[in-house]
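Heads up: the structure comes next, in structure tokens.
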Amino acid sequence: MSIADGGIPSPNIWHHADVYELENRAVDPDGLIEKAMLAVRDWAGANVLDLGCGTGFHLPRFAATAAKVVGVEPHGTLADAARRRAKDLANVEVRQGTAQKLPVPDASVDVMHARWAYFFGPGCEPGLIELDRVMRRGGTAFVIDNDGSRSTFGRWFSEYYPKIKADEVERFWTARDWQRTALDMGWRFERREDLEAVIRIEFKPADAEAIIASHSGTEVDYAINVWSKTY
Numbered sequence: 001m002s003i004a005d006g007g008i009p010s011p012n013i014w015h016h017a018d019v020y021e022l023e024n025r026a027v028d029p030d031g032l033i034e035k036a037m038l039a040v041r042d043w044a045g046a047n048v049l050d051l052g053c054g055t056g057f058h059l060p061r062f063a064a065t066a067a068k069v070v071g072v073e074p075h076g077t078l079a080d081a082a083r084r085r086a087k088d089l090a091n092v093e094v095r096q097g098t099a100q101k102l103p104v105p106d107a108s109v110d111v112m113h114a115r116w117a118y119f120f121g122p123g124c125e126p127g128l129i130e131l132d133r134v135m136r137r138g139g140t141a142f143v144i145d146n147d148g149s150r151s152t153f154g155r156w157f158s159e160y161y162p163k164i165k166a167d168e169v170e171r172f173w174t175a176r177d178w179q180r181t182a183l184d185m186g187w188r189f190e191r192r193e194d195l196e197a198v199i200r201i202e203f204k205p206a207d208a209e210a211i212i213a214s215h216s217g218t219e220v221d222y223a224i225n226v227w228s229k230t231y
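Just so we're aligned: 41 in UniProt numbering is position 41 of the sequence shown, and the numbers increase by one with no gaps anywhere.
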């Protein structure tokens, strides 16, 4: 396993890629994130950068209409998995690298997508400088992140990740002229055991068990923000 210089460890997918796959399948079952993105900028015929692409879950969807898709992932094993997933997609390439040092040319990206990857507010300034370099004029960058101010998942997130303040994150993005689209999506699992497995990779052991004990069923209401900026 190799990690690109400067790669910031992810507590979930880096160590539990199989369980994170279950999470990807359960997130946003009604496709609200994609609809919100398309309302701002369509990627049909565009050059797309999927930053922090993990095992490449979203690459095929972008590739269906984009001219070219580049997935960037710092974790070598995950990048290899993304290449396997995209092996039959002629317009997709996966490169190992980081948000702070993107392996793409200047002014080459029309649409950037980062979903729960690197851009979590204060501290991600080096990655934002790189976006200034690689985004084309008229291109749009999207960052999908949690909204800890509301929803069941937001309550869990704000309680068990108290260092991440929803109001501070919002001030960070709005001060840099990013636009906020607030969404109420959710998790919808086929099996209770899959929901429990995902909770256990997203929270510390004791916190996860407290959440599991307090929540029944296979669905969770979940508020997020889609942040966007057109360059």
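Beta carbons: idealized from backbone N, C-alpha and C, even for Gly.
- With contacts defined by Cβ atoms closer than 9 angstroms, ASP207 and LEU22 do not form a contacting pair.
- Positions of the alpha helix (DSSP H) runs, each at least 4 residues long and wholly inside the segment 117-154, are given as 125-134 in order along the chain.
- One Cα belongs to ASP88, the other to PHE57, and the distance between them is close to 14 angstroms.
- Excluding five sequence positions before and after GLN100, the CB atoms of its chain that fall closer than 7 angstroms to its own CB belong to GLY6, PRO126, GLY127 and GLU130, given in chain order.
- The segment 208-215 and the segment 33-51 do not touch, with fewer than three beta-carbon pairs separated by less than 8 angstroms.
- For TYR160, same chain residues with a beta-carbon under 6 angstroms away, outside a window of 5 residues either side, are PHE203 and ASP207 in chain order.
- In terms of Cα proximity to MET135, the closest of LEU51, GLU170 and ALA86 is LEU51.
- Judged by their CB atoms, GLY139 and TYR231 are nearer to each other than the 9 angstroms cut-off.
- Of the candidates TYR118, GLY154, ASN225 and ASN47, the residue whose Cα lies closest to the Cα of VAL109 is ASN47.
- The beta-carbon separation of CYS53 and GLU34, rounded to 16 angstroms, does not stay under the 8 angstroms limit for a contact.
- Checking the DSSP bridge columns, you'll see THR98 partnered with LYS101.
- Cβ-Cβ distances below 8 angstroms link PHE120 to ASP145, ILE164 and VAL169 in the same chain, with the five nearest sequence neighbours on each side left out; the list follows chain order.
- Look at ARG171 here: in three-state DSSP terms it is helix.
- The C-beta of HIS15 has fewer than 16 other C-beta atoms within 10 Å across all chains shown, which makes the residue exposed.
- Collapsing the DSSP output to three states places SER228 in a strand.
- Separation of the CB atoms of ARG171 and ASN225 is rounded to 13 angstroms, and the pair is thereby denied contact status at 8 angstroms.
- Taking the Cα of ASP30 as reference, the smallest distance to any Cα among LEU183, HIS113 and ARG83 is reached at LEU183.
- Of the residues ALA223, LEU49 and ASP167, the one whose Cα lies closest to the Cα of VAL104 is LEU49.
- Non-local C-beta neighbours of CYS124 in its own chain, meaning closer than 8 angstroms and more than five positions away in sequence, comprise ALA99 and TYR118, ordered along the chain.
- Counting C-beta atoms within 10 angstroms of its own C-beta, THR55 has 16 or more neighbours from the protein chains shown and is therefore classed as buried.
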